Amino acid sequence: MADPTLALGGAAAPPRRNGELVFEAPWESRLFGVTLALCEAELFQWEEFRRLLCEEIQRWEAQPPPNGRFHYYALWQAAFERLLAEKGLLGLSELEASVRTLAGRPAGHDHADPEEASHRRTR
Amino acid sequence: MSRDGGSPDPRDPALRVEALEALLREKGFLDSAQVDAIVRHYEEEVGPLNGAKVVARAWTDPAYKQRLLADGTAAIAELGFGGPQGEYIVVLENTPRVHNVVVCTLCSCYPWPVLGLPPAWYKSPAYRSRVVREPRAVLREMGLELPGEVEVRVWDSSSEVRYLVLPERPAGTQALSEEALSRLVTRDAMIGTGRPCAGGDTSGG
Chain D
676 MADPTLALGG AAAPPRRNGE LVFEAPWESR LFGVTLALCE AELFQWEEFR
726 RLLCEEIQRW EAQPPPNGRF HYYALWQAAF ERLLAEKGLL GLSELEASVR
776 TLAGRPAGHD HADPEEASHR RTR
Chain S
2 MSRDGGSPDP RDPALRVEAL EALLREKGFL DSAQVDAIVR HYEEEVGPLN
52 GAKVVARAWT DPAYKQRLLA DGTAAIAELG FGGPQGEYIV VLENTPRVHN
102 VVVCTLCSCY PWPVLGLPPA WYKSPAYRSR VVREPRAVLR EMGLELPGEV
152 EVRVWDSSSE VRYLVLPERP AGTQALSEEA LSRLVTRDAM IGTGRPCAGG
202 DTSGG
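Rendered as structure tokens:
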């Protein structure tokens, strides 16, 4: 279980020789982990993902949104969603439907809390 | 990070990633314990310390250095490091006349087994585009001033190759142990945007 205090750089954070956290938010680390897990399971080749990631980065750089921040993992996410659809692993419409369901949850079920996410997982 | 109430935004990346992970798990493609282990590995276990050990070994063992320059991946595996993005690592030796610096112009390729995951600036559009065009200026902004007679070589990571820079051993470190030397090696020195910490003979140990 990823310890949220690590991601937030709390007292329990491991030493960082260069003073920078690996992930800025828990969702970035989950996204990274999911991507690698599927690659390890040989559901895709890394190069297939890399190609899409390059495309997303190029697209952003060709037309940077006004005042938009370059958010690396947002581009990673866009690339990964495309990969899942291309490989027939998860369609965009199915993902959107699930996101809408989660978004409709009553307040208090905060998905951003990894603890909560892990509890929900076991239900 | 927590929300004060109201409906979450469906475009919220945290929400999308949660949905994505849950769906892939339901379909049997994914084991969340495996995701936990991967995240823990990259947050806590893999980092520039690995590369620093490789560099310190090369500084103290000429035969190892030779093997490292001949076949980076194999020599790095001797120290127990390997894995994704480490399948083909080429080690670039800095000399008094040549300074190497690494970039991935297209995305963010990086030798994970020896350096961990890349810092934000390495992935930034500014570094990726500028270090190729004006490496000296970029290095100067990052605090590394190179004499004019030093040739700067910029290496663009490809889909296959990952690079690790072998920096020059700092002067005045003859008395230091391999372990003490490894503490002088910074991440940036192994990317080529910095130097190892000055050694002196104060570190001991």
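Protein sequences appear in the order of chains D and S. For the first sequence, the working numbering assigns the number 676 to the initial residue and increments by one for each residue that follows. For the second sequence, the working numbering assigns the number 2 to the initial residue and increments by one for each residue that follows. The C-beta atom is built at its ideal place from N, Cα and C for all residues, glycine as well. None of these values were measured; they are calculated from a predicted model.
Residue-level contact to chain S via CB, residue i, 7 Å cutoff
i	result
E736(D)	yes
F724(D)	no
A712(D)	yes
R705(D)	yes
E761(D)	no
R775(D)	yes
L765(D)	yes
L828(D)	The structure shown has nothing for residue 828(D), since chain D only spans 676 to 798.
G708(D)	yes
F745(D)	yes
L758(D)	no
A778(D)	yes
Q720(D)	no
Bounding residues of the beta strand (DSSP E) (the contiguous stretch that carries residue i)
i	result
V166(S)	R163 to L167
V99(S)	V99 to V104
Rounded straight-line distance, which links the Cα of residue j to that of residue i
i	j	result
D72(S)	I90(S)	8 Å
D13(S)	L165(S)	36 Å
E135(S)	E44(S)	33 Å
L50(S)	L770(D)	39 Å
V115(S)	W122(S)	18 Å
E761(D)	L718(D)	11 Å
L21(S)	I77(S)	35 Å
G83(S)	A38(S)	16 Å
P63(S)	E46(S)	28 Å
S793(D)	R170(S)	Residue placement at S793(D) is poorly supported in this model, since its pLDDT is 44, which falls under 50; the coordinates still yield a value, given next. Spanning the two alpha carbons is a distance of roughly 47 Å.
C108(S)	W735(D)	12 Å
L759(D)	K54(S)	38 Å
R141(S)	T74(S)	31 Å
R68(S)	G81(S)	15 Å
Local conformation of residue i per DSSP, three classes
i	result
A742(D)	Reading the sequence as shown, one finds Asn at residue 742(D) and not Ala. N742(D): coil per DSSP, three-state reduction.
L70(S)	helix
R41(S)	helix
E179(S)	helix
E94(S)	strand
T174(S)	coil
V18(S)	helix
A708(D)	The sequence given here places Gly at residue 708(D); Ala does not occur at that position. If DSSP states are grouped into helix, strand and coil, G708(D) belongs with the helices.
A749(D)	helix
A121(S)	helix
R780(D)	coil
F724(D)	helix
C198(S)	coil
F755(D)	helix
Q86(S)	coil
Option in the options with minimal Cα separation from residue i
i	options	result
A753(D)	N742(D), A712(D) and G766(D)	G766(D)
L696(D)	R41(S), A23(S) and V18(S)	R41(S)
G117(S)	R188(S), R26(S) and S125(S)	R188(S)
W60(S)	A38(S), S158(S) and G173(S)	G173(S)
A700(D)	G144(S), A15(S), E152(S) and L31(S)	A15(S)
P112(S)	A127(S), R129(S) and G87(S)	G87(S)
R726(D)	C198(S), S159(S) and E179(S)	S159(S)
V103(S)	I192(S), A199(S), P126(S) and D10(S)	I192(S)
V162(S)	A712(D), S704(D), E722(D) and L713(D)	E722(D)
V132(S)	P119(S), P168(S), V18(S) and V153(S)	V153(S)
V151(S)	R26(S), H100(S), L93(S) and L167(S)	H100(S)
H746(D)	Q720(D), L728(D) and L713(D)	L728(D)
Cβ of residue i within 7 Å of any chain D Cβ
i	result
R196(S)	no
R131(S)	no
S204(S)	No answer about S204(S) holds up, because its pLDDT of 42 lies below 50 and its placement is not dependable.
V90(S)	A small fix is needed here, since residue 90(S) is Ile in this sequence, not Val. Answer no: the Cβ-Cβ gap between I90(S) and chain D never drops below 7 Å.
A20(S)	yes
P11(S)	yes
Endpoints, alpha helix (DSSP H) assigned at residue i
i	result
D157(S)	No alpha helix (DSSP H) contains D157(S), which is instead part of the beta strand (DSSP E) from E152 to D157.
T194(S)	Premise fails: T194(S) is in no alpha helix (DSSP H) and is neither H nor E.
G766(D)	Per DSSP, G766(D) belongs to no alpha helix (DSSP H) and is neither H nor E.
G81(S)	Premise fails: G81(S) is in no alpha helix (DSSP H) and is neither H nor E.
P9(S)	From DSSP, P9(S) is part of no alpha helix (DSSP H); its letter is neither H nor E.
L50(S)	P49 to T61
V186(S)	Counting along the chain, V186(S) falls outside any alpha helix (DSSP H), and DSSP gives it neither H nor E.
P215(S)	Since the displayed chain S opens at 2 and closes at 206, residue 215(S) lies outside it and no answer follows.
Any non-hydrogen atom of the ligand FAD within 6 Å of residue i CB
i	result
G779(D)	Although the ligand FAD was asked about, the structure shown includes no ligands whatsoever.
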